[in-house]
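Enquirer:
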Amino acid sequence: MDIISHTLTGVAVGTVIATISNGSWKRKSLIILIGGFGGALPDFDAISLWSKFDQTIGSLLNLDNSGKEIYFGKFWYSHHAALHSILAPIILILLSIIPYSIINKDLEISKIKANVIKRKYSILAFFFGFIFHLLEDMPTPASVWGGVNLFFPSSGYIGGFGKIWWWNNYDLVLIIFSVIVLNLLVNIIPKSYYFIKIRTSIVLFSLGLMLFLFQINTRAVNFSYSGHTTNYNNFESQSKLIQKEILGESLFNTMTKIDNKIPLNF
Ligand SMILES: [Zn+2]
0 MDIISHTLTG VAVGTVIATI SNGSWKRKSL IILIGGFGGA LPDFDAISLW SKFDQTIGSL
60 LNLDNSGKEI YFGKFWYSHH AALHSILAPI ILILLSIIPY SIINKDLEIS KIKANVIKRK
120 YSILAFFFGF IFHLLEDMPT PASVWGGVNL FFPSSGYIGG FGKIWWWNNY DLVLIIFSVI
180 VLNLLVNIIP KSYYFIKIRT SIVLFSLGLM LFLFQINTRA VNFSYSGHTT NYNNFESQSK
240 LIQKEILGES LFNTMTKIDN KIPLNF
């Protein structure tokens, strides 16, 4: 799935956790931003596809394989590998806590624990934003990876179901965006309605999730392929045709215009 959908999903996760946090708007904004960051981060492993990768990182690390070979390969640092696992956010969270504790000379377990509790909402937003990215990558085609390496260091890959195309899933983006907007509105409600707010936020997210699952499971086209496909452009145009049918001509054209303005696959 594309980086914009993933980032927005992390933001949506962040809005739910922001409601639960019941903090100031400053704290809530930080939680939402961290959720978005967690949603985007797994695709950092696509850096090997960067046009200057071989001259820079590749040569610095004296790598035997080209960036393209790494990206489409099965190395632990390939796309959809270690950085697309449950272990990755756990390690990253630990790495973010330990240096902070060293700087503040708070290396006692009780103080580290207190620090984690203090930052629990940001940690949760990051973790679940990250995990939802991994789940969203599973319904895309198997291609060379066959899903994501969810339980790294185990070598198994999960997903590659071919239920949706890699990008241009505008219907899904609109669902995610609606969840964000509605949950931000929930956050405007006064703090005294805390429990109603939490329930509403979770219900809105769950409804969005159900609608999302309904949409990906009712595509009229099977996008499954493994390895590389000569049918790539045909799949892409079929995916766009599905979007036109779902959204109608006018909304589809608006989404296409937005898509064309964004210099990323969307
Ligand atoms: Zn990904």
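Following numbering that gives the first Met the number 0, the numbering of the sequence shown begins with 0 at its first residue and continues without gaps. All residues carry an ideal CB built from backbone N, CA and C; glycine is no exception.
Roughly how far, in whole angstroms, is the beta-carbon of phenylalanine 129 from the beta-carbon of proline 41, given that I think they are within contact range, below 8 Å?
Expert: About 6 Å; that satisfies the 8 Å criterion.
Enquirer: Grab me the residues of isoleucine 111's own chain with a C-beta within less than 6 Å of its C-beta, minus the 5 sequence neighbours each way, in chain order.
Expert: Ser100
Enquirer: Beta-carbon of asparagine 232 versus every beta-carbon of chain C: anything under 8 Å?
Expert: Looking for chain C here will not work: only one protein chain is present.
Enquirer: Just checking, does the stretch 20 to 28 make contact with the stretch 46 to 63 on the three C-beta pairs under 8 Å criterion?
Expert: When C-beta atoms of the stretch 20 to 28 are compared with those of the stretch 46 to 63, fewer than three pairs fall below 8 Å, so the two segments do not count as touching.
Enquirer: With a 10 Å radius around its C-beta and 16 neighbouring C-beta atoms as the bar for buried, classify threonine 270 as buried or exposed.
Expert: Lying outside 0 to 265, the shown extent of the chain, residue 270 is not represented and no answer is given.
Enquirer: Which ranges does the alpha helix (DSSP H) cover as unbroken runs of at least 4 residues, wholly within the stretch 10 to 76, from first to last along the chain?
Expert: Correct list: 24 to 39 and 66 to 70.
Enquirer: Can you tell me whether aspartate 1 sits near ligand 1, meaning its C-beta is under 7 Å from at least one heavy atom of the ligand?
Expert: no
Enquirer: Work out the CA separation of phenylalanine 222 and leucine 208 for me, nearest whole Å.
Expert: Computed Cα separation, rounded: 21 Å.
Enquirer: Compute every distance between the C-beta of proline 138 and the non-hydrogen atoms of ligand 1, then say whether any falls below 7 Å.
Expert: no
Enquirer: At what residue ranges does the stretch 203 to 240 contain a whole run of the beta strand (DSSP E), taking only runs of 3 or more?
Expert: none
Enquirer: Do serine 142 and tyrosine 231 have their C-beta atoms within less than 8 Å of each other?
Expert: no
Enquirer: Whole angstroms are fine: how far does the CA of aspartate 136 sit from the CA of glycine 159?
Expert: Roughly 8 Å separates the two Cα atoms.
Enquirer: Per DSSP, which residues does valine 147 bridge with? Please list them.
Expert: Ile157
Enquirer: Give a yes or no on whether the C-beta atoms belonging to asparagine 182 and serine 205 are separated by under 8 Å.
Expert: no
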